[in-house]
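Heads up: the sequence shown begins at 1 in UniProt numbering, then just goes up one per residue.
Scroll down for the structure; my scribbles are underneath it.
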Amino acid sequence: MDTRTTHLDITGMSCANCSASVGDAVESIDGVSRADANYATDEATVEYDPEATSLAAIYDAIEDAGYGAVSETATVAITDMTCANCADANRDALASVPGVVDADVNYATDEAQVRYNPAETSLSALYDAVEDAGYSPVREDEGADGEGADGEGEGSGESARDAARNAEIRKQRRLTLFGAALSAPLLFFLVDNLLLGGAVVPDQVFGVGIHWVAAALATPVQVVLGRPFYVNSYKALVTNGRANMDVLIALGSTTAYVYSVAVLLNLVAGGVYFDTAALILVFITLGNYLEARSKGQAGEALRKLLEMEADTATLVDEDGTEREVPIDEVEVGDRMKVRPGEQVPTDGVVVEGQSAVDESMVTGESVPVEKEEGDEVVGSTINENGLLVVEATKVGADTALQQIVQTVKEAQSRQPDIQNLADRISAYFVPAVIANALFWGVVWFVFPETLAAFVDRLPLWGQVAGGPAAVGGTVSVFEFAIVVFASSVLIACPCALGLATPAATMVGTTIGAQHGVLFKGGDVLERAKDVDTVVFDKTGTLTEGEMELTDVVAVGNERVPDGGAVAEGEDAAVTGDDATAAGDDAATDARADEDEVLRLAASAERGSEHPLAQAIVDGAEARGLDLADPESFENVPGHGVRATVGGDRVLVGNRKLLRDNGIDPSPAAETMERLESEGKTAMLVARIRDGADEGELMGVVADADTVKPSAKEAVSQLRDRAIDVMMITGDNERTARAVAERVGIDPDNVRAGVLPEDKSDAVEEIQADGRRAMMVGDGVNDAPALAVAYVGTAIGSGTDVAIEAADVTLMRDDPLDVVKAIRVSDATLQKIKQNLVWALGYNTAMIPLASLGLLQPVLAAGAMAFSSVSVLTNSLLFRRYDPDGDYRLLGFLRR
């Protein structure tokens with residue numbers, strides 16, 4: 001067995017048992033012969049068979065065990081790729097480098113996303129692997145600390161890739177102009193021959209035969225424009241062992257040129273095709289130029305996003321001194337002054353001042369957001385009016401903007417499953433095209449009369465010069481077979497097929513990011529459109545998540561109505577003043593009892609960070625109650641809390657919590673039902689005095705959460721799309737149903753009282769009957785449910801855009817963005833299907849025509865070149881799509 005040894009830096013180990021857990025988890029993988037983890041050094045050494053397992057599987061096993069293995073992600077720009085087969089060759093080359101965890105190469109963006117183990121390999125090794133595969137990586141300066149090499153933290157990486165992209169565009173433009181200048185006379189010769197029967201072009205020019213003039217013009221084109229195709233063909237066949245588009249172009253052009261040279265030297269009889277050979281290369285090079293420009297336009301939105309980064313920051317030193325520094329010199333903890341109209345230099349928290357900040361470039365929300373002391377701000381957003389002092393919390397590659405860009409790039413490199421079809425076709429496409437061309441070339445050579453009799457019946461026949469009607473006449477059988485071979489090779493274009501999916505995915509993921517929706521991958525983008533059930537968490541997702549105290553009720557106390565009551569009869573007569581005084585006394589006593597209930601509840605809840613607990617504490621402090629710190633505190637997940645306050649045990653929670661502690665909650669039943677039917681979260685408060693065996697029910701406290709303004713509209717739009725909407729919450733049944741009714745969710749689709757650890761089971765149960773569910777939660781408490789859902793969607797604040805458990809991150813706290821995510825997914829897949837139909841339909845129609853001799857090679861080359869441009873143009877039209885409204889996509893009308 002050929003084994004490989006890798007060394008990993010492990011995170012999260014806190015004891016010797018942790019190292020044993022890591023070792024056991026890795027050794028359980030088939031193909032791993034030894035795994036040793038060292039807690040003292042936070043390292044692991046693994047021996048494994050690369051044929052039986054992969055480094056990615058080892059990383060996954062470590063993460064599944066609850067730990068982490070250090071990895072870095074690099075974005076490597078690659079030039080000289082001409083088709084999807086080139087991307088496959090680079091992916092295989094990068095994946096074969098020891099230490100590479102996974103690698104994805106996107107032909108549409110000319111970039112590779114590579115995750116690797118920095119303890120085992122380096123960025124330089126990745127560059128070398130690309131070069132060994134026959135392609136040119138854009139080598140970027142790694143810098144002193146290594147940052148910027150992957151394009152995540154420094155501007156130099158992005159500048160290098162832009163420079164390489166622009167250089168490629170200029171190169172293709174120069175080649176196109178050079179070829180066009182020499183081929184213009186040849187195009188005139190071709191038109192004269194095809195349409196005018198050779199009546200205009202003389203046999204000689206300045207005493208030189210016209211065929212020699214054509215050879216003189218075509219030869220420089222063949223050498224200069226043909227050189228990249230010959231070089232790339234050699235690399236593809238010899239270095240990578242696979243044929244690509246360059247092989248087809250080289251074959252077609254060379255066939256026409258060599259045959260013409262042979263005719264010119266009287267080695268064979270027939271006509272010359274120098275014009276065809278040269279124009280093939282000119283049209284293909286023109287197509288490459290237009291394709292390079294289109295690729296640049298497709299990624300323009302993402303580059304503009306990066307260009308929005310601030311260049312400098314105004315730092316405020318401890319003595320109040322202000323100094324302007326480059327943005328890359330800002331460190332976490334630095335304080336920055338942001339004046340009105342300036343950009344917030346980097347992510348941070350406001351420590352002084354108040355203002356409104358335009359966050360539209362990050363969240364897509366056009367309305368400025370009010371910021372004050374303690375609020376978080378996102379780097380590169382615009383301070384509208386007031387003066388702010390911001391303390392930096394994230395810099396460089398950790399900022400929200402850089403995380404957004406990196407997430408989008410990773411999404412663009414992870415292609416949808418539909419791309420697998422295109423990849424499988426592309427893998428066999430070029431060999432199949434060559435085999436088809438050879439077959440029909442031979443068949444036409446062996447059976448010319450039989451095939452000519454057949455195609456004579458076709459309505460198009462006779463309209464295309466050089467057809468079988470000329471066989472036996474001015475065109476020889478061999479010559480016509482050569483024409484069929486060259487046309488059949490040139491008409492087939494794997495580029496259009498290879499671009500169909502990544503080009504649309506690139507635009508779709510960028511549109512999503514511009515509107516505050518981040519997809520973790522193209523595969524997620526594809527799945528989202530198939531969602532038939534959306535499951536919302538309640539608190540913080542459909543509701544604001546900001547609870548406030550609304551009710552305090554002491555058991556056994558009933559307030560006397562204001563104004564009191566006058567008893568009838570003189571013996572029992574009480575003056576109005578006395579009755580009012582009695583009523584006031586009763587109200588005062590009731591308020592005292594309520595304050596005692598609230599004091600006990602708030603004192604107990606001071607040990608909790610739950611929003612419900614915080615609302616109770618805030619409400620008690622607002623009443624000016626004197627709260628005590630609990631001597632002991634215990635959280636009972638899903639039920640409430642137990643605490644010791646002033647020597648007494650205090651319980652705050654649901655009915656089950658009290659019953660489990662021997663206290664009857666029934667005296668407060670009607671109060672609980674009333675509050676819960678109003679959509680409030682009601683909690684029972686009980687006390688067990690020090691030394692007592694039995695406890696007493698004290699009362700009820702209730703919190704309420706406000707439903708988000710857009711929640712009802714989001715549910716309505718989802719139901720309009722025939723998507724079932726459900727809700728899962730740990731809250732009680734009555735409260736959950738009240739909120740559901742408010743937002744338009746069917747009460748039968750509500751699952752209440754679900755503990756956090758049971759939410760994933762609930763989602764799996766929903767999906768058990770074949771449903772494809774999108775779970776929408778806060779990305780932290782709902783992480784297990786997000787992980788098991790068909791599509792996990794985290795609804796967040798926009799400053800933490802990398803919630804690992806989710807497939808989709810919504811950067812605004814807006815349920816309507818769930819609809820937006822599904823719309824973007826649906827529209828992108830429609831565009832991918834259009835591109836695939838365009839590419840496959842083109843080849844399906846054109847290859848038979850070429851095989852039957854109905855296309856001149858030069859026409860085939862022109863069609864081949866512009867097929868890729870058409871797919872890219874179709875994808876670029878997608879940039880106009882607005883997911884916030886109705887849209888029409890080339891015949892597809894959707895809402």
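Each residue gets a CB set at the ideal place from its N, CA and C atoms; glycine is no exception.
Inter-residue spacing [alpha-carbon to alpha-carbon] between residue i and residue j
i, j, result
"alanine 736", "leucine 625", "31 angstroms"
"proline 326", "serine 868", "42 angstroms"
"glutamate 120", "leucine 852", "55 angstroms"
"proline 98", "threonine 53", "13 angstroms"
"glutamate 765", "arginine 772", "11 angstroms"
"proline 185", "phenylalanine 274", "11 angstroms"
"aspartate 311", "alanine 513", "22 angstroms"
"glycine 271", "isoleucine 249", "21 angstroms"
"leucine 718", "phenylalanine 536", "12 angstroms"
"glycine 691", "threonine 644", "13 angstroms"
"valine 471", "lysine 235", "Low local confidence applies: a pLDDT of 40 at valine 471 is under 50, so the model's placement there is unreliable, with the coordinate-based value given in what follows. About 38 angstroms."
"lysine 831", "aspartate 782", "33 angstroms"
"leucine 403", "aspartate 2", "Just to set this straight, residue 403 is glutamine in the shown sequence, not leucine. So the alpha carbons of these two residues sit roughly 39 angstroms apart."
"threonine 729", "threonine 681", "12 angstroms"
"leucine 877", "asparagine 835", "12 angstroms"
Proximity to residue i [Cα-Cα], best of the options
i, options, result
"alanine 686", "Leu651, Ser716 and Arg655", "Leu651"
"tyrosine 67", "Ile78, Ile10, Asp110 and Val100", "Ile10"
"valine 105", "Val76, Ile169, Gln172 and Val349", "Val76"
"arginine 4", "Asn17, Pro448, Cys15 and Ala35", "Ala35"
"proline 747", "Leu755, Gly753, Ala738 and Val754", "Ala738"
"alanine 56", "Asp88, Thr82 and Ser96", "Ser96"
"valine 483", "Leu876, Val395, Val221 and Gly252", "Gly252"
"leucine 217", "Ala278, Leu225, Ala839 and Gln204", "Ala278"
"arginine 689", "Leu281, Glu673, Glu548 and Gly646", "Gly646"
"proline 701", "Pro630, Pro137, Lys235 and Ala613", "Reading the sequence as shown, one finds valine at residue 701 and not proline. With distances taken between Cα atoms, valine 701 lies closest to Ala613."
"valine 555", "Glu548, Val442, Glu670 and Glu621", "Glu670"
"methionine 13", "Asp24, Ala25 and Asn38", "Asn38"
"valine 776", "Glu594, Ala602, Lys538 and Glu609", "Lys538"
"valine 130", "Ala740, Met81 and Ala44", "Met81"
"valine 788", "Thr505, Val763, Leu810 and Asp769", "Val763"
"histidine 7", "Met547, Val70 and Val330", "Val70"
Residue burial classification, residue i (beta-carbon count within 10 angstroms, cutoff 16)
i, result
"aspartate 319", "exposed"
"proline 883", "buried"
"leucine 816", "buried"
"serine 488", "buried"
"tyrosine 289", "buried"
"arginine 751", "buried"
"histidine 639", "buried"
"phenylalanine 206", "exposed"
"cysteine 15", "exposed"
"valine 223", "exposed"
"alanine 313", "buried"
"threonine 176", "buried"
Residue i (DSSP reduced to helix, strand or coil)
i, result
"histidine 515", "coil"
"serine 476", "coil"
"glutamate 391", "strand"
"tryptophan 461", "Its pLDDT being 40, under 50, tryptophan 461 is placed unreliably in this model, and the coordinates cannot settle the point."
"phenylalanine 878", "helix"
"isoleucine 745", "coil"
"leucine 549", "strand"
"arginine 339", "coil"
"methionine 81", "coil"
"threonine 706", "coil"
"tyrosine 234", "helix"
"alanine 582", "Caution applies to alanine 582, whose pLDDT of 48 falls short of 50 and renders its modelled position unreliable; the model cannot decide the point."
Count the C-beta pairs between the stretch 426 to 439 and the stretch 242 to 249 that are closer than 8 angstroms, then say yes if the count reaches three, no if not.
-> The stretch 426 to 439 makes contact with the stretch 242 to 249, as at least three CB pairs between them are under 8 angstroms.
Validate contact between the stretch 819 to 834 and the stretch 524 to 536 using beta carbons, cut 8 angstroms, 3 pairs | Cβ pair count under 8 angstroms is three or more, so yes.
Does the stretch 536 to 546 touch the stretch 711 to 729, meaning 3 or more C-beta pairs lie closer than 8 angstroms?
-> As far as the Cβ criterion goes, the stretch 711 to 729 touches the stretch 536 to 546, which means the pair count is three or higher.
Would you call the stretch 366 to 386 and the stretch 340 to 348 in contact, with 3 or more CB pairs under 8 angstroms?
-> Touching, yes, given that three or more Cβ pairs across the two stretches are closer than 8 angstroms.
Inter-stretch contact at 8 angstroms, needing at least 3 Cβ pairs: the stretch 330 to 337 / the stretch 382 to 391 | A contact exists between the stretch 330 to 337 and the stretch 382 to 391.
Check whether the stretch 614 to 621 touches the stretch 657 to 669, taking contact to mean three or more Cβ pairs, one atom from each stretch, closer than 8 angstroms.
-> Three or more Cβ pairs closer than 8 angstroms define a contact, and the stretch 614 to 621 falls short of that threshold against the stretch 657 to 669.
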